[in-house]
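K.L.:
Quick one: the structure is below, questions incoming.
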Amino acid sequence: MNSAKKDTKVLKETKRKIRVDFERASRWQRFKLKYLNTGFLVQVIFKLFRFVILLGMCYIILNPFFSKISSSFKAIEDFSDVTVKYIPKHLSLDTYKTIIAENSYWRCVLNTGTISLACALIQTFVCSFVGYGFAKYKFKGSGILFGFVLLTMMIPPETIKYPLFLKFMEFDLFGVFELMGFGPLKLLNTKAPFIILSLTAIGLKNGLYIFMMRQFYKGVPDELEESAYIDGSSVFKTYFKIILPISIPMMITIFLFAFSWQWTDSFYTKLFYTSNTNSFVLAHFADIPPSLMAIDETHTTLYGQSVLHTCGLLIIAPLIVIYLFCQRYLIQGIERSGITG
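Structure (structure tokens):
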């Protein structure tokens, strides 16, 4: 104890002497002591190297976005001008106006928003309920069932493309409809396939949502439920009255994931909406309008790419607005789920 105090006292005295010597030194001597040394030069070189690496990575990541955004505001003549790189000489909104008018943008946004909102709400609640069961109740075969849930995250959706298509082309629930004389239902080009997949927790990315909710519920103390059971609450009442309210931040994250992925989904949407003539969804939105296809051949390639990029920007624009307002909830939910790396 005494030796520790003595060492601390010596260290303080040494620092005081160094500070006094530094204050008494001339300006040139201070400059040499502070900057002209090996440690300072190593720090400068390391920080400069790190800055160059980060600057190069930012350029690689952001350059495609800047080029797409700038090309969407270019006039047709800018694409044949080799001097135009990022900043257009003739600023124009004609591409946006034509795409919005001819591709029925607002109608596509409304229909896609309706599907995405319905699927996100259903999937958030269903996956939360399923995740709670896997986290808090152990039964025979639960590990195997959860393994199947994880398997849905690994299997490419293309492998079940044709079975899903055939199933909803003539949908029958275990042959009940045909037995009752109704015959199979034709559910293609309707919202029914999305709703059915969401209700059964086998929709888009549902395996990931169940896994995230399970990880969250495993961190909830068992004492909360045990105290509720002692007070006479049933399993469902405990879930809805106690567990569900504390799950709101995590459920907001699941909702944002489900809404965003359903909004930008093209696989399931194009699978169930077989025609783009009357479906009016954003999956069929990214097509070049007829009036813009009739452009001189010298502009077709570059301008056609610009039109497709503009369609992509219009599709993700609502998601960017949602992210700006909800990023705090998204980050909090990811942290609480226990998923890292």
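In the numbering used here, the protein residues as written are 40 to 380. C-beta: ideal position from N, C-alpha, C; glycine also. Remember, it's a predicted structure, so these values are computed and weren't measured experimentally.
(1) May I ask you to report which of helix, strand or coil DSSP gives Phe79?
(2) Which one of His348, Lys113, Cys365, Val360 has the shortest CA to CA distance from Phe104?
(3) Contact between the stretch 299 to 306 and the stretch 349 to 364: three or more CB pairs below 8 Å?
(4) Which residue wins for smallest C-alpha separation from Gly220, given the options Leu227, Asp211, Leu226, Leu247?
(5) Who are the Cβ neighbours of Arg253 in its own chain at under 6 Å, not counting the five residues just before and after it?
(6) Taking the straight line between their C-alpha atoms, what separation do you get for Leu218 and Leu203?
(7) Between which two residues does the alpha helix (DSSP H) harbouring Leu26 extend?
(8) With a threshold of 16 other CB atoms inside 10 Å of the CB of Cys97, please say whether the residue is buried or exposed.
(9) What does DSSP give as the partner residue(s) for Leu130 in the beta ladder?
(10) If we call anything under 9 Å between Cβ atoms a contact, is Ser167 one with Met290?
(11) When the Cα atoms are used, what is the spatial distance from Asn228 to Thr313?
(12) Based on the DSSP output, what are the partners of Leu224 in its beta bridges?
(13) Measuring only the C-alpha atoms, how far is Thr198 from Ile183?
(14) Can you give me the Cβ contacts of Lys230 inside the same chain, cut-off strictly under 8 Å, excluding the 5 residues immediately before and after it?
(15) Kindly indicate the opening and closing residues of the alpha helix (DSSP H) around Gly186.
(16) Check Met251 in the structure and name its three-state DSSP category.
(17) Would you mind sorting Met192 into buried or exposed? The rule is 16 or more other CB atoms within 10 Å of its CB.
(18) Taking 9 Å as the threshold (C-beta atoms), are Phe88 and Leu341 in contact?
(19) Rounded to whole angstroms, what's the CA-CA distance from Ser266 to Gly186? Just pull it up for me.
(20) In terms of alpha-carbon separation, which member of Ile282, Ile361, Gln366, Ser345 lies closest to Ser131?
(21) Could you give the residue range of the alpha helix (DSSP H) that holds Ser237?
(22) Just verifying my parser: in three-state terms, what is the DSSP assignment at Tyr312?
(23) Rounded to a whole number of angstroms, what is the C-alpha to C-alpha distance between Arg367 and Lys206?
(24) Would you check if the distance between the CB atom of Tyr362 and the CB atom of Leu295 is smaller than 9 Å?
P.N.:
Checking against the coordinates, here is how it stands:
(1) helix
(2) His348
(3) yes
(4) Asp211
(5) Gly170, Phe173, Ala174
(6) 22 Å
(7) Since the first and last residues shown for the chain are 40 and 380, residue 26 lies out of range.
(8) exposed
(9) Lys113
(10) yes
(11) 6 Å
(12) Phe210
(13) 21 Å
(14) Thr153, Ile154, Ala157
(15) 181 to 193
(16) helix
(17) exposed
(18) no
(19) 31 Å
(20) Ser345
(21) 231 to 238
(22) coil
(23) 40 Å
(24) yes
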